[in-house]
Structure formats: C-alpha cells, structure tokens
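Protein sequences, first through last, are from chains A and B.
Per the numbering used here: the first sequence = residues 21 to 421.
Per the numbering used here: the second sequence = residues 21 to 421.
Think of the CB as a built atom: it goes at the ideal place given N, C-alpha and C, for glycine as much as any other residue.
Source: prediction; values computed, not measured.
Number of protein chains: 2
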Amino acid sequence: MMISVEEARARILAAFAATGGETVALSEAVGRVSAAPIVARLTQPPADVSAMDGYAVRAADGVAGARLRLIGSAPAGHPFAGEIGPGESVRIFTGSIVPAGGEAVLLQEDAAEAGGMVEVREAVRPGQHIRRQGQDFRAGDVVIPAAKRLTPRDIGLAAAANHPWLAVHRAPRVAILATGDEIALPGEPIPPGGIVSSNAHALAALVRQHGGVAVILPIAPDDAAAIAGAAAGVGGFDLLLTTGGASVGAHDLVQPALAACGMVVDFWRIAMRPGKPLMFGRLGATPVLGLPGNPVSAFICAVLFLLPALTRLRGLADAPLPRWTARSGTALRANDRRFDFLRARLEHRPDGLVASAFASQDSAVQSLLAQADALILRPPHAPALEAGGEVEIIRLDLAGV
Amino acid sequence: MMISVEEARARILAAFAATGGETVALSEAVGRVSAAPIVARLTQPPADVSAMDGYAVRAADGVAGARLRLIGSAPAGHPFAGEIGPGESVRIFTGSIVPAGGEAVLLQEDAAEAGGMVEVREAVRPGQHIRRQGQDFRAGDVVIPAAKRLTPRDIGLAAAANHPWLAVHRAPRVAILATGDEIALPGEPIPPGGIVSSNAHALAALVRQHGGVAVILPIAPDDAAAIAGAAAGVGGFDLLLTTGGASVGAHDLVQPALAACGMVVDFWRIAMRPGKPLMFGRLGATPVLGLPGNPVSAFICAVLFLLPALTRLRGLADAPLPRWTARSGTALRANDRRFDFLRARLEHRPDGLVASAFASQDSAVQSLLAQADALILRPPHAPALEAGGEVEIIRLDLAGV
Numbered sequence: 021m022m023i024s025v026e027e028a029r030a031r032i033l034a035a036f037a038a039t040g041g042e043t044v045a046l047s048e049a050v051g052r053v054s055a056a057p058i059v060a061r062l063t064q065p066p067a068d069v070s071a072m073d074g075y076a077v078r079a080a081d082g083v084a085g086a087r088l089r090l091i092g093s094a095p096a097g098h099p100f101a102g103e104i105g106p107g108e109s110v111r112i113f114t115g116s117i118v119p120a121g122g123e124a125v126l127l128q129e130d131a132a133e134a135g136g137m138v139e140v141r142e143a144v145r146p147g148q149h150i151r152r153q154g155q156d157f158r159a160g161d162v163v164i165p166a167a168k169r170l171t172p173r174d175i176g177l178a179a180a181a182n183h184p185w186l187a188v189h190r191a192p193r194v195a196i197l198a199t200g201d202e203i204a205l206p207g208e209p210i211p212p213g214g215i216v217s218s219n220a221h222a223l224a225a226l227v228r229q230h231g232g233v234a235v236i237l238p239i240a241p242d243d244a245a246a247i248a249g250a251a252a253g254v255g256g257f258d259l260l261l262t263t264g265g266a267s268v269g270a271h272d273l274v275q276p277a278l279a280a281c282g283m284v285v286d287f288w289r290i291a292m293r294p295g296k297p298l299m300f301g302r303l304g305a306t307p308v309l310g311l312p313g314n315p316v317s318a319f320i321c322a323v324l325f326l327l328p329a330l331t332r333l334r335g336l337a338d339a340p341l342p343r344w345t346a347r348s349g350t351a352l353r354a355n356d357r358r359f360d361f362l363r364a365r366l367e368h369r370p371d372g373l374v375a376s377a378f379a380s381q382d383s384a385v386q387s388l389l390a391q392a393d394a395l396i397l398r399p400p401h402a403p404a405l406e407a408g409g410e411v412e413i414i415r416l417d418l419a420g421v
Numbered sequence: 021m022m023i024s025v026e027e028a029r030a031r032i033l034a035a036f037a038a039t040g041g042e043t044v045a046l047s048e049a050v051g052r053v054s055a056a057p058i059v060a061r062l063t064q065p066p067a068d069v070s071a072m073d074g075y076a077v078r079a080a081d082g083v084a085g086a087r088l089r090l091i092g093s094a095p096a097g098h099p100f101a102g103e104i105g106p107g108e109s110v111r112i113f114t115g116s117i118v119p120a121g122g123e124a125v126l127l128q129e130d131a132a133e134a135g136g137m138v139e140v141r142e143a144v145r146p147g148q149h150i151r152r153q154g155q156d157f158r159a160g161d162v163v164i165p166a167a168k169r170l171t172p173r174d175i176g177l178a179a180a181a182n183h184p185w186l187a188v189h190r191a192p193r194v195a196i197l198a199t200g201d202e203i204a205l206p207g208e209p210i211p212p213g214g215i216v217s218s219n220a221h222a223l224a225a226l227v228r229q230h231g232g233v234a235v236i237l238p239i240a241p242d243d244a245a246a247i248a249g250a251a252a253g254v255g256g257f258d259l260l261l262t263t264g265g266a267s268v269g270a271h272d273l274v275q276p277a278l279a280a281c282g283m284v285v286d287f288w289r290i291a292m293r294p295g296k297p298l299m300f301g302r303l304g305a306t307p308v309l310g311l312p313g314n315p316v317s318a319f320i321c322a323v324l325f326l327l328p329a330l331t332r333l334r335g336l337a338d339a340p341l342p343r344w345t346a347r348s349g350t351a352l353r354a355n356d357r358r359f360d361f362l363r364a365r366l367e368h369r370p371d372g373l374v375a376s377a378f379a380s381q382d383s384a385v386q387s388l389l390a391q392a393d394a395l396i397l398r399p400p401h402a403p404a405l406e407a408g409g410e411v412e413i414i415r416l417d418l419a420g421v
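Laid out in structure tokens, this is it:
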C-alpha cells in the first residue's frame with residue numbers, strides 16, 4: 021500500500037523531537053538554535069547617553085545666544101563625575117554618559133567654543149540627542165526567544181546583552197549508510213560494472229548545511245551481516261539514513277537485514293515520483309529513513325523528508341518548505357496517482373517567475389539535478405496544463421540544497 | 021564630501037579580487053566556491069544499464085507469448101559476462117549493466133519465470149528501460165563550472181564524477197578590530213560608563229556565514245599606538261575591518277592612527293543613513309573598511325559593502341543583494357540627500373509582501389535590528405509615500421544575515 025507524501029511527512033515528523041541543550045561559546049553559536057530564551061544581563065544603554073558629539077547642557081540654558089561655562093569633558097568610557105549646574109556645560113561625544121544635570125545635547129555644529137566658554141547658536145529642545153537608559157533593552161528582558169535560529173545580528177545582540185556562552189540545541193547526529201556491491205568511494209578502485217558512491221556525500225553535505233553532524237559509515241556490501249554490523253552502532257545517533265536497497269527486490273537487503281536487528285517498519289512505499297521506495301522505521305530508539313538508491317530520487321526524498329526531520333531535531337518550529345507560484349514554461353501532462361516533483365529551471369521575467377521542467381526527468385541524471393533551480397509540484401491527478409499555466413514550486417536555489 | 025552608496029560600493033569592489041586556490045577534501049567543500057571547472061573523470065552510466073528490475077532480452081524476442089531461456093543473472097555490481105543470444109534472457113536489476121546482446125528490458129511484472137524459462141506477457145519496445153552509456157555525463161565533460169558556490173547537489177555530482185578532492189577558492193581572511201576605551205568583551209568586567217563590545221562578534225558571525233575566516237583582534241583602547249600595533253599584523257589578511265572611531269572627531273583615532281602607519285584613505289563619508297562615517301582605504305596591500313561604532317550602522321554598512329567584498333573575494337560573480345518589491349505598511353516622509361535604509365518587519369499577505377518600518381529608526385537599537393526582516397530602501401530625495409505605496413526592499417530574512 022502506497023501512502024501519500026503528506027501522510028509520510030506527518031508520520032516521519034512524529035518520530036522526532038528537539039535534541040537537548042549544549043553550551044557553546046558565543047563565537048560558535050551562529051546558525052545554531054537557541055535552547056532557552058536569551059535574557060539581557062544588563063540594561064542598554066546603561067544610563068542616558070549622548071547620540072551625538074556636542075555639549076551637555078541644562079534645558080533652561082539651551083537658548084540661542086546663551087554663553088555657558090565649560091566645566092569638563094566626558095569622552096565615551098570616561099564619564100564626567102560632577103554635576104552640570106545652571107550656566108554650565110560639559111563636552112560630550114556619541115555614546116558618552118550624560119552627566120548629572122544634563123538635560124539636552126547641544127550639537128557641536130550649533131555651538132562655538134572659545135576661552136572655556138560655549139556659546140549656544142541654536143536653541144535646544146529638552147531631551148534632544150539623548151538616548152534614554154534602557155531604550156534598547158533592560159536587564160531581565162528576553163532579547164532573543166527560544167527556538168530561534170541565531171543570525172549574525174542575534175549574535176551581536178546576545179553579546180550586547182553580555183552573554184559569553186549560549187545554550188543551544190545539540191546538533192543532530194546523522195549516520196549515513198550507503199549499501200551496494202557496485203559502489204566505490206571517489207578516487208578508489210571501482211569494481212567491474214560499478215559506479216562511484218555519491219549519495220552519502222551529497223546527503224552528508226545537506227545535513228551539514230542544515231545544522232547537523234553527518235557521519236558517513238563505511239559502505240556496506242549487499243550482505244545482510246555487513247548491514248546488520250553497520251546498524252549495530254547507531255544507538256548514539258538521532259537518525260540512521262540509508263541509501264539503496266530499500267525496496268523489496270531480491271537484492272534489496274536493507275529492510276530484511278535491519279528487520280533482523282529489530283527494526284520496526286512504519287512504511288516503505290510512497291506515492292511519489294521520483295522516489296517510490298522510501299522506507300521509514302525505527303531501530304531501537306533510532307529512527308531509520310531508507311532512501312532510494314537513485315541519486316535524484318534520494319536527494320528529492322531528502323529535501324522533502326530529511327529536512328523537516330532535521331528542522332524538528334534542531335529545535336526549530338515545523339515549517340514546510342515555502343512554496344512559490346510560477347508559470348510553467350512548458351505544457352505538462354495530466355498526472356497519475358503519484359505526486360510528481362519535476363526538476364526545472366527558473367527564469368525571472370518582468371511579469372514573474374517561469375519554471376520550465378527539463379525534458380529529461382530520469383531519476384538517474386545527476387547533472388540536471390545539480391542544475392535545477394526548482395521543483396515543480398504536480399499533485400496526484402493534477403490535470404494537464406498548457407504552457408503558461410500556474411504551478412506551485414519549491415525553490416531549490418533558496419533552500420540551501 | 022559625501023559620496024553615494026553606489027559609488028562607495030564600486031570603489032570598494034575595485035579593491036578586491038578572488039583569492040587563490042586551495043585543495044580541500046570533497047567532504048569539506050560544500051559552500052565553498054569552485055576555483056576551476058570540475059571535469060568528469062569517468063562516464064556515467066559507464067555502460068548501458070537497466071532502469072528497472074526485469075529481464076534483458078533481444079528486441080526481436082520481446083513479443084507477447086514468447087518463451088525465453090534464462091541463461092543467467094546480473095545483479096548490480098556483478099555483470100553477466102556472456103552474450104544474450106536469440107531466445108535467451110538474463111535476469112537484471114536497476115543499475116545492472118545490460119549484457120551484450122540485450123536490447124530491451126522486460127519488466128518483471130510483465131514476465132512470468134518458471135523452470136528456467138521466462139514468458140513475455142507484454143511486448144517490449146526496443147531500448148525500453150535502458151539508460152544509455154553517458155546519458156548523465158561523459159569523461160571530459162565539465163559537470164560543474166568554475167566560480168560556482170558548491171551546493172550539496174554539486175558535492176554529489178562531483179563525487180559521481182570521481183573527485184575525492186576539489187580545487188576551491190581559499191576562504192577570505194578578515195581581521196576585525198574593535199576600538200574604544202568604553203567597550204569590554206561579553207562576560208568581562210565593564211569599565212565605568214562602558215558597554216559590552218558586540219560589533220566584532222556580529223561581524224565575525226557574518227563573515228563566517230558568508231564563507232570567510234574571521235579573526236577578532238584584541239580590543240584596542242582609544243590610543244594611537246595601540247591601534248597602530250594591532251594594524252601591524254594585517255599583512256596576512258584579505259581585509260581589515262574596524263568598528264568605531266572612523267569619523268574625525270577628537271576621539272576618533274582610527275583614521276589618524278592607521279594613516280600614521282601608511283594607510284591611504286579612499287573616502288570616509290557616505291551619503292547614507294544609518295552609517296555616514298564609513299571609511300575605506302588601503303594599508304599596504306590590505307584593504308581597510310572602517311565601519312561606524314553604532315551597532316546598527318555598522319551592521320547595515322556590512323550588509324551593503326562587506327558582503328559584496330566577500331562575494332568577490334570568495335570567487336563568486338558580483339551580484340548586488342536581490343531587491344524585492346513590497347507595499348509600505350506605513351506612510352513614509354520625503355527623504356533628504358542621504359540614502360535611507362529603514363529597518364522593517366515583513367508580512368506575507370495574500371496579495372503580496374507588506375514592509376512596515378519600525379517607529380524607531382535609532383541606530384543604537386540592536387533589539388529592533390535583530391527583529392527586522394527587511395530593509396526598506398529610500399533613495400536620496402525619494403518623495404513622500406502614503407501607506408500602501410510601493411517600495412523596494414532587501415530581505416534580511418533571506419540574506420543569511
């Protein structure tokens with residue numbers, strides 16, 4: 021029984037929860053996901069500070085023509101300890117704490133300083149050019165919520181809030197097992213009739229780009245004992261990803277080999293193209309996602325099912341890959357009962373996006389997968405569409421894949 | 021004399037060229053930029069292979085009702101060495117090499133096997149279910165061009181093309197120097213009237229997210245000798261980034277201190293808000309970008325000027341940050357002669373994007389910078405705009421910042 025793409029995604033997601041917390045240095049936290057709200061440890065600005073270079077004055081003294089005695093200077097980091105009395109002023113700079121008694125900042129270009137006196141050339145408005153204590157945040161404020169992917173801007177904000185360390189979700193650990201007598205590592209001797217193993221490397225790169233730690237296990241030959249041996253060490257991982265052998269043909273050994281180790285299969289056939297033989301199960305506490313052996317099928321299944329699992333593991337809120345609307349550059353046939361994901365090139369035309377499916381949708385052609393900007397979504401039983409008709413797409417070019 | 025944002029960007033870009041090459045393991049190459057075309061070292065598929073599980077047959081034998089002798093089996097990785105003669109067939113699987121004489125693959129569901137014989141239940145079309153040798157790529161084909169940011173899909177393709185190592189551009193090395201008597205590292209004692217240094221950490225995270233190596237130099241106090249000392253070691257870097265002290269006030273020591281070391285200043289004032297005091301120059305062979313001290317100003321200048329420099333250094337083609345069209349959620353005042361970059365929140369409404377500028381555009385408010393989804397672009401002398409009017413924006417949420 022084939023299940024739908026949506027049901028497969030829901031059943032896969034249900035098997036994952038956010039990883040626990042880890043303490044990392046601020047400088048290592050970009051791209052990680054906050055495991056707790058980040059609370060300001062101080063108030064910013066710590067006191068009323070000047071927003072400009074000029075002179076701190078009492079409001080009543082800031083009238084055009086007034087001449088004020090200059091009683092000191094307060095460079096940033098060197099506050100003036102005294103108080104500004106009537107008829108007095110203090111030289112001040114951007115970021116300097118406004119001395120006691122200071123009620124406005126007279127811009128330096130609106131003043132003339134000579135002989136220890138400052139002449140006011142433009143009247144001041146009370147409070148002008150003063151940034152108030154705590155206008156950015158106050159000690160105890162949540163400046164960054166939990167479950168947020170930390171941007172460079174967040175790192176700056178966490179620094180300003182005085183955090184040298186941050187609590188983030190532990191990076192998900194994904195074990196990747198490629199199987200098959202016919203595959204070899206790049207640069208190593210290729211067996212007769214064999215090909216170079218590429219799935220594990222593409223998937224490891226995908227996992228790393230999306231916040232996970234990828235461990236590529238040694239290639240397992242088509243041998244149940246070897247597959248079982250590789251699977252024996254997956255207890256410390258958040259996910260075991262296999263590629264190849266997930267179907268139930270005579271040489272598809274992954275399911276029976278893992279079943280013999282105790283794997284419980286949830287489902288293994290899904291109504292999509294490419295990618296029908298997608299297996300999902302659980303081996304002890306570790307979810308197992310069995311991807312097809314075809315590189316294109318494996319990768320598209322990873323985009324649709326592995327990325328949501330990683331999102332949840334990393335501690336982020338579930339969010340399906342955003343869908344965009346485009347016009348189809350070609351006519352499309354009516355679809356059968358399988359959800360079709362067509363590799364396509366995007367053009368940005370003045371009147372909108374145009375997505376043109378490649379003529380070859382063969383799931384073995386990796387070169388076209390690498391060139392694709394988008395996947396055109398063709399749901400089950402979608403009617404035929406003329407060129408120019410509207411389609412939904414997933415933008416691979418924006419998805420970090 | 022203030023220069024325009026566009027002129028500043030052009031003058032900054034002119035100072036940078038792509039870094040040289042570096043050899044990295046395939047598994048380390050995701051996100052890096054190819055320094056040379058990646059050429060296939062083999063042909064894929066290496067021979068005609070089966071696209072399905074079934075039986076390889078001669079085309080003339082593939083007629084409904086024919087009974088063919090099963091002379092062998094060819095699992096993937098175990099090619100059948102003989103030749104298929106008239107009236108013969110070989111069991112075959114997805115990815116198996118089609119034996120000599122095989123001209124089509126009869127699907128297993130269209131066949132009945134018993135007693136060493138295979139009965140054809142559906143006529144075959146010559147060539148059906150055979151993937152031709154080289155249909156993906158041939159040895160010598162360029163599968164990935166130079167100057168491409170390598171995606172997980174490219175890593176898979178490079179693996180399939182048999183590359184254990186790749187030539188990529190060296191990651192740009194950026195030294196970051198924060199200056200000021202008033203700043204302290206997060207978690208360390210804060211001087212009286214001081215604040216926590218956040219710019220260097222935000223900038224380092226930005227550099228790392230965009231393919232660079234960031235080195236945060238020790239904070240330099242407001243002291244010309246200390247700044248000169250920090251600058252003495254920048255010869256090995258592709259860029260020296262400073263924050264704070266870039267203007268020419270009494271306490272703005274960065275320009276004079278670096279000038280005393282031989283820095284040639286290109287410009288130091290730019291008609292934009294936030295961020296007017298932006299300095300650009302060259303110290304020996306190393307470009308120097310002097311960002312403002314205000315965290316918001318510093319970061320927006322980094323988005324506008326540092327990212328394009330990193331793009332060029334990494335070996336990518338120049339491309340300005342993509343601009344999007346949105347409707348303004350608020351009325352906007354007519355602009356003066358400075359290019360204004362308004363921090364804004366985005367809403368995705370059914371009829372399009374709405375960008376609403378925050379009420380406070382104070383360049384010292386980091387919490388709002390971190391919450392901003394977009395920058396609304398207000399070119400010099402832009403006329404007043406009513407709420408709902410069209411604006412151009414830069415999407416911070418999509419820019420990895």
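Tell me the rounded alpha-carbon separation between residue i and residue j.
i: I290 (chain A); j: S24 (chain A); result: 6 Å
i: Q275 (chain B); j: D360 (chain A); result: 60 Å
i: A101 (chain B); j: E208 (chain A); result: 23 Å
i: G85 (chain A); j: I58 (chain A); result: 49 Å
i: R363 (chain B); j: L397 (chain B); result: 9 Å
i: G253 (chain B); j: A55 (chain B); result: 28 Å
i: A159 (chain B); j: I203 (chain B); result: 58 Å
i: P297 (chain A); j: R343 (chain A); result: 25 Å
i: R358 (chain A); j: L389 (chain A); result: 20 Å
i: A222 (chain A); j: Q153 (chain B); result: 23 Å
i: A181 (chain A); j: G200 (chain B); result: 18 Å
i: P172 (chain A); j: R52 (chain A); result: 11 Å
What residue range does the alpha helix (DSSP H) around residue i cover?
i: V227 (chain B); result: N219 to Q229
i: G176 (chain B); result: P172 to A180
i: S387 (chain B); result: Q386 to Q391
Got a sec: is the Cβ-Cβ distance from residue i to anything in chain B below 8 Å?
i: V385 (chain A); result: yes
i: R173 (chain A); result: yes
i: P99 (chain A); result: yes
i: F157 (chain A); result: yes
i: G102 (chain A); result: no
i: V421 (chain A); result: yes
i: S376 (chain A); result: no
Would residue i count as contacting chain A if we go by Cβ distances under 8 Å?
i: E412 (chain B); result: no
i: H149 (chain B); result: no
i: D201 (chain B); result: yes
i: N219 (chain B); result: yes
i: Q275 (chain B); result: no
i: V77 (chain B); result: no
DSSP three-state label for residue i, please.
i: Q155 (chain A); result: coil
i: I32 (chain A); result: helix
i: D130 (chain B); result: helix
i: A38 (chain A); result: coil
i: A407 (chain B); result: coil
i: A101 (chain B); result: coil
i: D201 (chain B); result: coil
i: V421 (chain A); result: coil
i: E123 (chain B); result: coil
Considering just the uninterrupted stretch of the beta strand (DSSP E) at residue i, what are its terminal residues?
i: A187 (chain B); result: W185 to H189
i: R89 (chain B); result: R87 to A94
i: R111 (chain B); result: E108 to I112
i: R193 (chain A); result: R193 to A198
Minimum length 3: unbroken beta strand (DSSP E) runs contained in the segment 315-380 of chain A: Counting only runs of 3 or more, we get 343-348, 359-369 and 372-377.
Ignoring anything shorter than 3 residues, give me the beta strand (DSSP E) runs that lie fully in the segment 248-283 of chain B, in order along the chain. Counting only runs of 3 or more, we get 259-263.
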